[in-house]
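Engineer: In my numbering, the protein residues as written are 8 to 210.
Ideal Cβ positions, reconstructed from N, Cα and C, are used throughout, including at glycine.
Quick caveat: nothing in here was measured; it's all calculated off a predicted structure.
My structure is below; once you've seen it, I'll send some questions.
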Amino acid sequence: MVNIRLLDIQVAQMLQSRLLPDLYYHSPAHTRDVLRSALRIGREEGLSPFELELLGAAAILHDTGFTVAYADHEWHSCAIARILLPQHGADESFVERVCDLIQATRIPQHPTDLLSEILCDADLDYLGRDDFEEISNHLYRELLAYRIVNDSFEWDQIQVRFLENHHYHRPLMRELREWKKREHLEIIRERLDNRPDEQDDDF
């Protein structure tokens, strides 16, 4: 049995010391948020203790790859999982199952079963929450820092496309989050429609 609490402490310390400061979104706070959301959804879905253990381990480890590289971070997260999980008593099948869950979170998400659907929904839980604007701004700052986006106009266009195409996988998440996500989408659409011709970047 894997001690999720000890794994969480170890990974939190690693993220705190190794993540670059311009990872405003992919931060220790994001990992804590995903873990909390994943376990909440998992309990509501009636997962067994072992399934919650798998889900918790995957949530804790899913973004550790950012300590190595920005691109293909899921692959690096799996490599780290293969090192850390055996230290906490995980066998090979547990490790590979966790890696499958981590890989499912790659955008565009491609979950294949209940656990991966829950993890994917937890990873993007914020899209349908009241703190969407704050968290979205963290991601915008991060993408600016890595020159993935150029300005807030481009960012809003990306957000509209993403929110239009995104869907929660679990029925309970669709019921809980979808309506608020649509509200956020409409706000961004209105912002784009009312935007003056000359754009000033926010940062």
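Would you mind sorting Met180 into buried or exposed? The rule is 16 or more other CB atoms within 10 Å of its CB.
Structural biologist: Locating residue 180 in the sequence shown gives position 173, where the first residue counts as 1. Answer is buried; the Cβ neighbour count reaches 16.
Engineer: Taking the alpha-carbon positions, what's the Thr38 to Ala129 distance?
Structural biologist: Taking the first residue of the sequence shown as position 1, residue 38 is located at position 31. Taking the first residue of the sequence shown as position 1, residue 129 is located at position 122. The straight-line gap from Cα to Cα measures roughly 10 Å.
Engineer: Ignoring anything shorter than 4 residues, give me the alpha helix (DSSP H) runs that lie fully in the segment 35-65, in order along the chain.
Structural biologist: Within the segment 35-65, the complete alpha helix (DSSP H) runs of at least 4 residues are 35-51.
Engineer: Does Tyr32 come out as helix, strand or coil in the three-state DSSP assignment?
Structural biologist: Counting from 1 along the sequence shown, the entry for residue 32 is found at position 25. Residue state, collapsed to three classes: coil.
Engineer: Beta carbon of His69, beta carbon of Val75: below 8 Å?
Structural biologist: Within the sequence shown, residue 69 is the residue found at index 62, counting from 1. Within the sequence shown, residue 75 is the residue found at index 68, counting from 1. No.
Engineer: For Ala111, does the three-state DSSP call read helix, strand or coil?
Structural biologist: Counting from one through the sequence shown, the residue named residue 111 turns up at place 104. Here Ala111 sits in helix by DSSP.
Engineer: For Ile6 and Leu42, which I take to be in contact (beta-carbon distance under 8 Å), what is that distance rounded to the nearest angstrom?
Structural biologist: Since the first residue shown for the chain is 8 and the last is 210, residue 6 is missing from the structure and cannot be characterised.
Engineer: Helix, strand or coil for Gln211 per DSSP?
Structural biologist: An answer regarding residue 211 cannot be provided, because it is not within the stretch 8 to 210 covered by the chain.
Engineer: Going by C-alpha distance, which of Ser55, Ala88 and Leu121 is nearest Tyr175?
Structural biologist: Position 168 of the sequence shown, counted from the first residue, corresponds to residue 175. Nearest of Ser55, Ala88 and Leu121 to Tyr175, Cα basis: Leu121.
Engineer: Please confirm whether Asp107 and Ser123 have their CB atoms less than 8 Å apart.
Structural biologist: On the sequence shown, position 100 is the one that residue 107 refers to. On the sequence shown, position 116 is the one that residue 123 refers to. Result yes, Cβ atoms of Asp107 and Ser123 sit closer than 8 Å.
Engineer: If we require 4 or more residues per run, which alpha helix (DSSP H) segments fall completely within the segment 79-156?
Structural biologist: Within the segment 79-156, the complete alpha helix (DSSP H) runs of at least 4 residues are 80-94, 99-111, 121-130 and 139-152.
Engineer: DSSP three-state call for Ser24: helix, strand or coil?
Structural biologist: As a first step, residue 24 must be located in the sequence shown, where it is residue number 17. Of the three classes helix, strand and coil, the one that applies to Ser24 here is helix, per DSSP.
Engineer: Apart from the five residues just before and just after Asn10, which ones in its own chain have a Cβ nearer than 8 Å to its Cβ?
Structural biologist: Here the question's residue 10 lines up with position 3 in the sequence shown. Cβ within range, chain order: His95 and Gly96.
Engineer: Shortest alpha-carbon distance to Leu170 belongs to which of Lys188, Pro56 and Glu182?
Structural biologist: Working through the sequence shown from its first residue, we reach residue 170 at position 163. That would be Lys188, whose Cα lies nearest to the Cα of Leu170.
Engineer: Given a threshold of 16 other Cβ atoms within 10 Å of its Cβ, counted over all protein chains shown, does Ile3 qualify as buried or as exposed?
Structural biologist: As displayed, the chain neither begins before 8 nor continues past 210, which places residue 3 out of reach and without an answer.
Engineer: Please name the residue in Arg202, Asp200, Arg177 and Glu190 whose C-alpha comes closest to that of Ala45.
Structural biologist: Here residue 45 refers to the residue found at position 38 when the sequence shown is read from its first residue. Checking every option, the nearest Cα to that of Ala45 belongs to Arg177.
Engineer: Along the alpha helix (DSSP H) that carries Asp200, what are the first and last residues, could you check?
Structural biologist: Taking the first residue of the sequence shown as 1, we reach residue 200 at position 193. Unbroken alpha helix (DSSP H) run through Asp200: Pro178 to Asp200.
Engineer: Using DSSP with H/G/I as helix, E/B as strand and the rest coil, what is Asp70?
Structural biologist: Working through the sequence shown from its first residue, we reach residue 70 at position 63. Of the three classes helix, strand and coil, the one that applies to Asp70 here is coil, per DSSP.
Engineer: In chain order, what residues of the same chain have a beta carbon less than 7 Å from the beta carbon of Gly72, not counting five sequence neighbours either side?
Structural biologist: Here the question's residue 72 lines up with position 65 in the sequence shown. Excluding positions up to five away in sequence, the list reads His80, Glu81, Trp82, His83, Ser84 and Ile87.
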